[in-house]
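One structure is given below, encoded as structure tokens.
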Amino acid sequence: MKPFRYERPQDATAAAALLEREPEATFLGGGTNLVDLMRLGVAQPSLLVDVTRVVDDRVEETADGGLRIGAGVRNSDLAAHPLVRERYPLLSSALLHGASGQLRNLATTGGNLLQRTRCVYFQDVTRPCNKREPGSGCPAREGEHHNLAILGWSEQCVATHPSDMAVALAALDAVVHTSRRSLPLVDLHRLPGDQPQHDTVLAHGELIEAVELPPLPFARRSRYVKVRERASFAFATVSVAAALDVEDEVVRDVRLALGGVAHKPWRATRAEEALRGSPASAEAFAAAADAELAEARPLRDNAYKLPLARNVVVRTLSELA
Amino acid sequence: MTESPGQAVLVELSLRVNGEERSLVVDTRTSLLDLLRERLGLTGAKKGCDHGQCGACTVLIDGRRANACLALAVAHTDADVVTVEGLAANGDLDPLQRAFVEHDAFQCGYCTPGQLCSATGMLDELADGWPSAVSEGDVELTAAEVRERMSGNICRCGAYANLVAAIVEAGP
């Protein structure tokens, strides 16, 4: 591992200032992904700016009945929080379906959003990777890609975003508050396009301070369903976060997002549109999934994700209906 | 902090390990695991994968189970760390350790310190009412709960059946 300096600033302004004058500096949260990437040689920061004591680690109710989650809240605390479990059970469930108990105790809300893809080529410095080294190529395109993207990928990058939490947040219309602005969570992560080295739209030195959940009463009836290659402690093959509002067997409103299918948590707006006002039936759920997946372009070895995603959408919504 | 380009950066830090205050100068790259094993001679916590995937390095940091291999020592100055060496007060095995012996919850033993620390933290999480991915309603210490909650600890000998029995017995 390359030597680095370590700073623990007193506040967010000082933290941002440290990054602004050093291009190779980076923020440190729980470190569960960053320290691993440093050990692998993928990340080589010159300076770690520890923000775990700088950002808020509380979950608070907002005036409108939503929640404000400090970026320093640990994944385990967020999953166990009574208001999260009561009002946004899909978020608690998504967190508990991610990583292990030990990792959730270290990992923070902000850090979870900024974790990098687990594409094997990205994590292997002996191989080309456009995300790690722009312009070097993408061996995943023709190589090991059975668990990579089916939606929104580019010729430069077919990686998926690994977070479970972010899929639930995407479904919930979460807003990310940074040191510079507030933006919808669905706009935080980007599609790879011809700049796969940028996972998010954040500028260097822009610090995630909190995530806000707007009130969504019908989210009390919500689920996170994750399919993976073993029963626990594995990244998603496909996951679905959903909240459903049904009255007289008709879908009044719905929130739906997919994980494991794209470079960002995939908010299924087309499916939501198809569902509003439709019967709360398995047929309607399948048609909505098809509408969402119409633009999917599977790779050689991951076409199985299409029927899988469709079936998990139908199952998740049927369980909620 | 001392520094020069491309060279190790040394920092002074203090932390409490198994109830004892320790102060030392470490390279910023030092993981908590390497600090415990290489600097303090506490070789209970094991280096299995060094990537947070196997759980052999699990210790308790400020009362919570965590992977010591992914914890930078410098980021845990002032922390209260308990390793497997700190579980047995005054040399008497704690109930979980006794249950491991009674149920033969190991074969080679390499993963055992991590299993013990992880199970200790896990039982506290359960006592605090934390749910898991398999919980429905009130949380109870079932075999299914143990399997899910202990999924961050790998046992390559495959002693899982006895591990589950030992942890269920040691629980509430």
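In order, the protein sequences belong to chains A and B.
FYI, in our numbering the residues of the first sequence are 16 to 336.
FYI, in our numbering the residues of the second sequence are -16 to 155.
Note that CB positions come from ideal geometry on N, CA and C, so glycine has one too.
Practice prompt. Would you list the residues sitting across from HIS204 of chain A in a DSSP beta bridge?
Written response: Per DSSP, A:THR215.
Worksheet item: Which residue or residues does DSSP assign as beta-bridge partners of ASN73 of chain B?
Response: None; ASN73 of chain B has no bridge partner.
Worksheet item: Which bits of chain A does GLU108 of chain B rub up against, with CB to CB less than 9 Å?
Response: In chain order: SER91, ALA95, GLY116 and ASN120.
Fill in: chain A residues whose Cβ lies nearer than 7 Å to that of GLY35 of chain B
For GLY35 of chain B, the chain A residues whose C-beta falls within less than 7 Å of its own C-beta are THR47, ASP51 and LEU118, listed in chain order.
Worksheet item: Counting pairs of beta carbons, one from the region 235 to 255 of chain A and one from the region 212 to 226 of chain A, are three or more of them closer than 8 Å?
Response: Taking a contact to require three or more Cβ pairs closer than 8 Å, the region 235 to 255 of chain A and the region 212 to 226 of chain A do not qualify as touching.
Item to complete: Could you tell me whether any Cβ in chain B is nearer than 8 Å to the Cβ of TYR103 of chain A?
Response: No, TYR103 of chain A does not count as interfacial toward chain B.
Worksheet item: With distances taken from CA atoms, which of A:LYS279, A:LEU335, A:GLU148 and A:GLU287 is nearest ARG270 of chain A?
Response: Per the C-alpha coordinates, the member of A:LYS279, A:LEU335, A:GLU148 and A:GLU287 positioned closest to ARG270 of chain A is A:GLU287.
Practice prompt. Give the interface partners of GLU152 of chain B over in chain A, defined as CB-CB distance under 7 Å, in chain order.
Written response: Per Cβ cutoff of 7 Å: no residues; GLU152 of chain B is ~20 Å from chain A at best.
Discussion item. Could you tell me the alpha carbon to alpha carbon distance between VAL8 of chain B and HIS161 of chain A, rounded to whole angstroms?
Written reply: A direct Cα-Cα distance of roughly 46 Å separates VAL8 of chain B from HIS161 of chain A.
Worksheet item: On the premise that LEU53 of chain B lies in contact with ASP51 of chain A, defined as a C-beta separation below 8 Å, what is that separation, rounded to the nearest angstrom?
Response: Contact between ASP51 of chain A and LEU53 of chain B holds: CB atoms are separated by about 6 Å, below the 8 Å threshold.
Worksheet item: Nearest chain B C-beta to TYR136 of chain A closer than 8 Å, yes or no?
Response: Interface with chain B (8 Å Cβ-Cβ cutoff): TYR136 of chain A is excluded.
Fill in: DSSP three-state assignment for LEU187 of chain A, whether helix, strand or coil
Coil.
Worksheet entry | Closest residue to LEU105 of chain A among B:ALA127, B:SER115 and B:LEU76 (Cα-Cα distance) | It is B:SER115 whose Cα lies nearest to the Cα of LEU105 of chain A.
Worksheet entry | Whole alpha helix (DSSP H) elements within the region 290 to 336 of chain A, 4-residue minimum | Qualifying alpha helix (DSSP H) stretches, in chain order: 297 to 308 and 320 to 335.
Worksheet item: Of all Cβ atoms in chain A, is any one closer than 8 Å to the Cβ of ALA58 of chain B?
Response: Chain A, which has a Cβ nearer than 8 Å to the Cβ of ALA58 of chain B, makes this yes.
Fill in: Those runs of the alpha helix (DSSP H) which lie wholly inside the region 17 to 80 of chain B and span at least 4 residues
Here no run is fully enclosed.
Worksheet item: Given a threshold of 16 other Cβ atoms within 10 Å of its Cβ, counted over all protein chains shown, does LYS320 of chain A qualify as buried or as exposed?
Response: With 16 or more Cβ atoms within 10 Å of its Cβ, LYS320 of chain A is classed as buried.
Item to complete: Give a yes or no on whether the minimum CB-CB distance between GLN(-10) of chain B and chain D is below 8 Å.
Response: You won't find chain D in this structure, because its protein chains are A and B.
Discussion item. According to DSSP, simplified to helix, strand and coil, what is VAL253 of chain A?
Written reply: When DSSP states are grouped into helix, strand and coil, VAL253 of chain A belongs to the strand group.
Fill in: Cross-chain neighbours of ASP65 of chain A in chain B, by beta carbon under 9 Å
Per Cβ cutoff of 9 Å: LEU55, VAL57 and ALA58.
Item to complete: Take LEU(-7) of chain B as the anchor and find which of B:VAL57, B:ALA153 and B:ASP63 has the nearest alpha-carbon.
Response: For LEU(-7) of chain B, the nearest C-alpha among the options comes from B:VAL57.
Worksheet entry | Beta-carbon neighbours of PRO155 of chain B, restricted to chain A and to distances below 8 Å | None at all; the shortest Cβ gap to chain A is about 17 Å.
Worksheet entry | Sequence-distant residues of the same chain with beta carbon closer than 6 Å to SER6 of chain B, five excluded per side | If we look at SER6 of chain B and ignore the five residues flanking it on each side, its Cβ neighbours are SER(-3).
Fill in: Buried versus exposed call for ASP92 of chain A [16 or more other C-beta atoms within 10 Å across all chains shown]
Per the 10 Å Cβ criterion, buried.
Fill in: Where PRO280 of chain A falls, given that 16 or more other Cβ within 10 Å makes a residue buried
By the 16-neighbour rule on beta-carbons within 10 angstroms, PRO280 of chain A is buried.
Worksheet item: At a CB-CB cut-off below 7 Å, which residues of chain A make contact with ARG48 of chain B?
Response: Residues of chain A passing the Cβ test: GLY116, GLN117 and ASN120.
Worksheet item: Does the region 224 to 238 of chain A come within contact of the region 67 to 79 of chain A, defined as at least 3 CB pairs closer than 8 Å?
Response: These segments touch.
Discussion item. Could you tell me the alpha carbon to alpha carbon distance between TYR21 of chain A and SER197 of chain A, rounded to whole angstroms?
Written reply: Put simply, the backbone Cα of TYR21 of chain A is about 28 Å away from that of SER197 of chain A.
Worksheet item: Per DSSP, which one or two residues make a beta bridge with GLU76 of chain A?
Response: Assignment of beta-bridge partners to GLU76 of chain A by DSSP yields A:LEU82.
Discussion item. If distances are taken between C-alpha atoms only, which option among A:ALA27, A:LEU82 and A:LEU62 comes closest to VAL190 of chain A?
Written reply: The residue with the shortest Cα to Cα distance from VAL190 of chain A is A:LEU82.
Discussion item. Using CA atoms only, rank isn't needed, just tell me which of A:THR193, A:PRO149 and A:VAL140 is closest to PRO211 of chain A.
Written reply: Cα-wise, what sits closest to PRO211 of chain A is A:PRO149.
Discussion item. With a threshold of 7 Å on Cβ separation, who are the neighbours of GLN90 of chain B within its own chain once the five nearest residues in sequence on each side are excluded?
Written reply: The residues are CYS140 and ALA142.
Worksheet item: By DSSP, does ASP92 of chain A sit in helix, in strand, or in coil?
Response: ASP92 of chain A sits in a helix when the DSSP states are folded into three classes.
Discussion item. Within a Cβ cutoff of 6 Å, which residues of the same chain sit near SER115 of chain A, ignoring the five residues on either side of it in sequence?
Written reply: Hits under 6 Å: PHE248.
Discussion item. Cβ closer than 8 Å: which chain A residues qualify as neighbours of ARG132 of chain B?
Written reply: What ARG132 of chain B touches in chain A: GLY116.
Item to complete: Determine the burial state of THR15 of chain A: buried for a count of at least 16 other Cβ atoms within 10 Å of its Cβ, exposed for fewer.
Response: Any property of residue 15 of chain A remains undetermined from this structure, which presents chain A solely from 16 to 336.
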